[in-house]
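**Student:**
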Amino acid sequence: MGIGLLKIVNRNQNNNKWTTGIMNNFLSNIKRSIVDATKVGDVFILVFKNETGVRKIAHHALLVDVAGASSEVYLRGVLLHLTARATTRKSKFRFGDKSRRRNIFYEIVYIGKIVPPIHIHSTKPREWACSLIMLGNEVFDELTNNETDTIWSSSINCQIFCKVLLQRFGFQWPTDLPCIDDDTVPIIVDLSIAFISSTARKHKKTVDHDDSDNTTDDE
């Protein structure tokens, strides 16, 4: 289903309906059962490559492997991060479930392992993924004070979101991992533009797989 699976969360929806909608329409790329129990709950910081080559201002996201399905080539799990519209700079919480090749990232930092909350059975990866998405949405609400037009800034951005969510997981930001300060802001990854570009590329007649949309599950 491509990059369109990175949905903007509608924070005004009823939580039960929202959860059902995610389970039924979104998490198709999350395994229904555990693949490798030793990898379940692995948490990663993903540092995206950017044209500037400046590591400090790179886009960051968190990925949790809820099914233990990652491999040496692919990362699999639920992706949680903030993005923004390039034109308006309004911050948005987004999530994804696609497989991603490890080599597309500037850096992948393994943080540690978490376990599902007590009310979710450890053998139901999709339910756990849904719970994590709701937690990410909750953190976004806290950071923005429930405002819908919060502008991307040094205090609200992808790196700050990852830091706070890591704290909710019981971790701290790695001391050796560069991050922004009061004088810098991470670059904006506008996924609406990426989706348009990806759609246009798919209309071209080519047999080559385009890794930029990172949707493949093949190994």
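First residue of the sequence shown? That's 0 in numbering that gives the first Met the number 0, and the numbers climb one at a time after it. Glycine included, C-beta positions come from ideal geometry on N, C-alpha and C.
The beta strand (DSSP E) that contains G95, what's its start and end?
**Tutor:** As a working mapping, residue 95 is identified with position 96 in the sequence shown. First-last of the beta strand (DSSP E) with G95: S90 to G95.
**Student:** I need the DSSP call for I283, collapsed to helix, strand or coil.
**Tutor:** The first residue shown for the chain is 0 and the last is 218, placing residue 283 beyond what the model contains.
**Student:** By Cβ distance, which residues of its chain are closer than 7 Å to F92, with the 5 residues on each side in sequence left out?
**Tutor:** As a position in the sequence shown, residue 92 is number 93, starting the count at 1. The residues are V8, L81, G135, N136 and F139.
**Student:** With a threshold of 6 Å on Cβ separation, who are the neighbours of W127 within its own chain once the five nearest residues in sequence on each side are excluded?
**Tutor:** As a first step, residue 127 must be located in the sequence shown, where it is residue number 128. Answer for W127: V65, P115 and I119, listed in chain order.
**Student:** For R101 and L74, I'd like the C-alpha separation in whole angstroms.
**Tutor:** Stepping through the sequence shown from its first residue, residue 101 is reached at position 102. Stepping through the sequence shown from its first residue, residue 74 is reached at position 75. Rounded to the nearest angstrom, the two C-alpha atoms are 6 Å apart.
**Student:** Quick check on the burial criterion: 16 or more other C-beta atoms within 10 angstroms. Buried or exposed for V77?
**Tutor:** Residue 77 sits at position 78 when you count from the first residue of the sequence shown. That one is buried.
**Student:** By how many angstroms is the C-alpha of I155 removed from the C-alpha of F47?
**Tutor:** Residue 47 sits at position 48 when you count from the first residue of the sequence shown. Residue 155 sits at position 156 when you count from the first residue of the sequence shown. Distance between the alpha carbons of F47 and I155: 18 Å.
**Student:** Is it the case that the Cβ atoms of I44 and H58 are separated by a distance below 8 Å?
**Tutor:** Counting from 1 along the sequence shown, the entry for residue 44 is found at position 45. Counting from 1 along the sequence shown, the entry for residue 58 is found at position 59. With contacts defined by Cβ atoms closer than 8 Å, I44 and H58 do not form a contacting pair.
**Student:** Using a Cβ-Cβ cut-off of 7 Å (strictly less than) and excluding sequence neighbours within five positions of F168, which residues of its own chain qualify?
**Tutor:** The count along the sequence shown starts at 1 and reaches residue 168 at position 169. Once the five neighbours on either side are set aside, the close Cβ partners of F168 are V42 and I113.
**Student:** DSSP on F139, reduced to helix/strand/coil?
**Tutor:** Reading the sequence shown from its first residue, position 140 is the one you call residue 139. Here F139 sits in helix by DSSP.
**Student:** Return helix, strand or coil for L61, following the three-state DSSP convention.
**Tutor:** Within the sequence shown, residue 61 is the residue found at index 62, counting from 1. Strand at L61.
**Student:** Mind checking who G76 pairs with in its DSSP beta bridge?
**Tutor:** Within the sequence shown, the letter at position 77 stands for residue 76. Answer is none; G76 lacks a bridge partner.
**Student:** Have a look at D182, L61 and L26 and flag the residue whose alpha-carbon is nearest the alpha-carbon of G40.
**Tutor:** As a working mapping, residue 40 is identified with position 41 in the sequence shown. Per the Cα distances, L61.
**Student:** For L26, which of helix, strand or coil comes out of DSSP?
**Tutor:** Working through the sequence shown from its first residue, we reach residue 26 at position 27. Three-state DSSP puts L26 in a helix.
**Student:** Hey, quick one: how far does the alpha helix (DSSP H) through K162 stretch, first residue to last?
**Tutor:** Taking the sequence shown and counting its residues from 1, one reaches residue 162 at position 163. Taken as a continuous stretch (DSSP letters only), the alpha helix (DSSP H) holding K162 covers C157 to F168.
**Student:** Are the Cβ atoms of I33 and P124 separated by less than 8 Å?
**Tutor:** Taking the first residue of the sequence shown as 1, we reach residue 33 at position 34. Taking the first residue of the sequence shown as 1, we reach residue 124 at position 125. Yes, they are a contact pair.
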